[in-house]
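In this text, residue positions in the sequence shown follow UniProt numbering: the first is 1, and each later residue adds one. Report on the structure given below.
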Amino acid sequence: MRHSYEFLLQALFARIAHLPRCSTLQGAYECLQTSWLQVNQEHESSRRMLHHVVTRSLCAEDGWQNLDGDPCRKESDHQPGVWVNLHRNGSIVFERVLPEGGSTILFAHPGTGVRMPKGPIVLSGTHSAW
């Protein structure tokens, strides 16, 4: 059965809300990636979607912006105007950017880490698809 992106997003929020808080950017990314894959598997998303999820990575080529900053962010591949923001302290924030300006927070999972100074982010073996 095909579910809407909004349905899958709500399932993702529910899953992440029950997980321990992350303390680093990489921890937040891994939590998000694993949870998004599990939600898509549980709700029987298409093979194409599952492939899309596991073959994306946390890099500019896959749409991530501000990788050297805090937060780094990416607009959803499936719902224009929905952005995921990953913070260096482990926070995960989803927002809907409104066409008339401003935004609405859809979900926030606070991190536990201490804010880190800005600088390069070195990640290895990570994937995403939002």
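From the three backbone atoms N, C-alpha and C, an ideal C-beta is built for every residue, glycine too. Here the structure is a predicted model, which means the values were calculated and not measured.
- Judged by DSSP in its simplified three-state form, N40 adopts helix.
- With a beta-carbon spacing of about 5 Å, K74 and G63 fall inside the 8 Å limit used to define contacts.
- An exposed status is given to C59, since fewer than 16 other beta-carbon atoms sit within 10 Å of its beta-carbon.
- Closest option to E30, judged by alpha-carbon separation, among D68, S45, S46 and H87: H87.
- Distance between I16 and P99, taken at the CA atoms: about 27 Å.
- Counting only runs that start and end inside the segment 3 to 87, the alpha helix (DSSP H) elements of at least 4 residues fall at 5 to 17, 25 to 42 and 47 to 55.
- Apart from the 5 residues on each side of it in sequence, R96 sits with its Cβ closer than 7 Å to the Cβ of G81, V82, S103, T104 and L106 in its chain, given in chain order.
- With respect to the 7 Å criterion, V53 and L37 are classified as neighbours on the basis of their beta carbons.
- When secondary structure is reduced to three states using DSSP, T104 falls in the strand class.
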